[in-house]
Structure formats: structure tokens, C-alpha cells
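Have a look at the structure below before the remarks.
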Amino acid sequence: MRIDAHHHVWDLAVHPQDWIGPESAPVIGRDFDVDQWLAAAEPTGVTHAVVVQTVPQDSETPYLLDLAARHEHVLGVVGWVPFGAPDLMERLDALADHPASDLLVGLRDLSEQRADPAWLAGPEAARTFAAACERDLTIDLLVRGEHLAAAAEAVRAHPDTSFVVDHLAKPDLDQTTPGEWAALIAPLASAPNVALKFSGYATQTGDLGAADLTLAGYLNAALEAFGPRRIMFGSDWPVCLIGGSYAQVVAAAEAALEVVDADDALRGEFFTGAATRWYGLDPLEAA
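Written out as C-alpha cells, the structure is:
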């Protein structure tokens, strides 16, 4: 059994995806649902998932919780609230009253879209990080290199809050060496309350098929920085389709694992264990 710790679904008539640009629209500018994800994932051995929000809209998280309640393959939802909003607690209370609130496992801020790269270290973010801890919710960090200093400051200020860095913090795999990335990510990796998603790489390279050794280098660097219990696989489907099929994304991860001589224990953590722990997923549901 394998868990995909990061995929999306959307119905454009319900939640328009305004972030989809003209270059990627021919590939992902259409509706995607759980059944389509499952059809792509099951042949690779991936059977369960965490669905992650995509747009800063209050209605999306209840929509995803409704969807998760109908699909046994979805073990959890990483939703959205406006971080630091004056009525933050009321918004979280409303989500807690949702019939499928037990499937809400995390919250994500679209930090990469914020003008101020230091925002994560500010008081508005801090309020949400503290509230997430009180409610046993993990925080997903959608960040790039320029946000890492503030992110490192934030995670240290909230040692009891669990954080997951999405998409390796989005390095340009064709321009940034694993060693350079390791130096950038080190302040975050040194905090024990931070995990990493080995995800998003299909859109961070110009040629996924030729990136095996590069990805292996990144995985090796990630293992040295985070250790095997803090790294989890995520497909970033359907966004990954811009760079390759679901099968190609999984194959790239498997090739990287092969290069680093991953044993069964490491593979188990990568595809199942880390996501189960960091998101508090029900191991019986994931069996």
C-alpha cells in the first residue's frame, strides 16, 4: 500500500483555478476528480491519498471534505483558511463542525504568492500556526528559496506545530545542484518539527525523463538533512502532467530510491509511513 501525500482535484465551474496560465491550460485547464486520480495511481501501487487545496476560497475546504467523505481512498484533506484573519478561530470552528471534520489533517498557506517573503515569520502567520497546533493540524508550507529564512524562523518559534514543506521548496532542478539546495534547506531541515514532500519535481525540470540522477542527488541530500522518517512522496497530480504522466512521476521517485540503495524500511517510510505520521492518518483506513 502506498500513499500519495499531495494531489489535487478541481471542478472549474465550482472553483476556478485562476493560477493556471495559458502555457499550462492545454494540459490542466479542465476538471479533475478522484476517480481520474485513482485510475492513474492504482497501476503504480498507489492506493490512498491526501488531497490538498489549490485556491484561497473559504468554500473549497468543505467541498474537499465532502469529496473525501465519499471516497475511501482519500485519507485526509489539507485545507485553507485566511491565515491570521481576525475571525480565524470562528472559521476553524466552522470547519470543526463539518460532518467530515475528522478528515481535515492540515492547512496550507499559499506563501509563494505573497509579496513579502518574510510574512511567515510575522504575527498573522503565528496566530494560525498556534491555532493549528491546538487543533492537531499540520501546516503545509508552499515556499520557494526566498521564503526559507522566514520559514525557518517560524518553525522554531512554534516547536509544537508540525510543518511539511511542499515540493522540495520548488528548486529549479536544472539550475540548482543538490548541494546548493541542501545548504538552502538546512535551517528548515534542522528543526525536528519539519518534514519534506518529495513532490513537484515534474514541473521543476525541463526533462523529467533525463532527471533520474539529479533527483537521486536531491533524495540523497534530503535523506542526509531530514532523515528517512521525515520525507514523503507526493505526485502533485494533475499539475505534474505538465512534465510527465503519473506513472512517470512514480517511476522517477522509484529510480531515485534505487540509486540511493533504499531498503524496504526506507521505501515504506517514503510511500506510507511518513505521511501517516505527519498527517495523523488512520493506519487502519490506510491498510
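full-length UniProt numbering puts the last residue of the sequence shown at 287; the count rises by one with no breaks.
All residues carry an ideal CB built from backbone N, CA and C; glycine is no exception.
For clarity, every value in this text was computed on a predicted model and none was experimentally measured.
- Between the C-alpha atoms of glutamine 248 and alanine 210 there is a straight-line separation of about 11 Å.
- Taking 8 Å as the cut-off, the Cβ atoms of glycine 79 and glutamine 53 count as close.
- With a 10 Å radius around the Cβ and a threshold of 16 neighbouring Cβ atoms, serine 111 comes out buried.
- From the listed residues Ser24, Pro62, Asp58, Ile3, the smallest Cα separation to glycine 45 is found for Ile3.
- Between the C-alpha atoms of arginine 114 and alanine 39 there is a straight-line separation of about 35 Å.
- Residues Val34, His48, Ala49, Val50, Val51, Leu67, Ala68, Leu103 of the same chain have their beta carbon placed closer than 8 Å to that of valine 74, with the five preceding and five following residues left out of the count.
- Between valine 239 and threonine 205, the C-beta gap is not smaller than 8 Å, which leaves the two residues out of contact.
- Glutamine 17 counts as buried, since at least 16 other C-beta atoms from the protein chains shown sit within 10 angstroms of its C-beta.
- Nearest C-alpha to histidine 6 among Pro99, Ile242, Trp37, Ala221: Trp37.
- Judged by DSSP secondary structure, methionine 232 falls within the beta strand (DSSP E) whose first and last residues are 231-233.
- In the structure shown, histidine 48 falls within a strand segment according to DSSP collapsed to helix, strand and coil.
- One alpha carbon belongs to alanine 191, the other to valine 143, and they sit about 16 Å apart.
- One Cα belongs to proline 123, the other to alanine 169, and the distance between them is close to 22 Å.
- Arginine 230 is positioned such that its CB atom lies closer than 8 Å to that of alanine 195.
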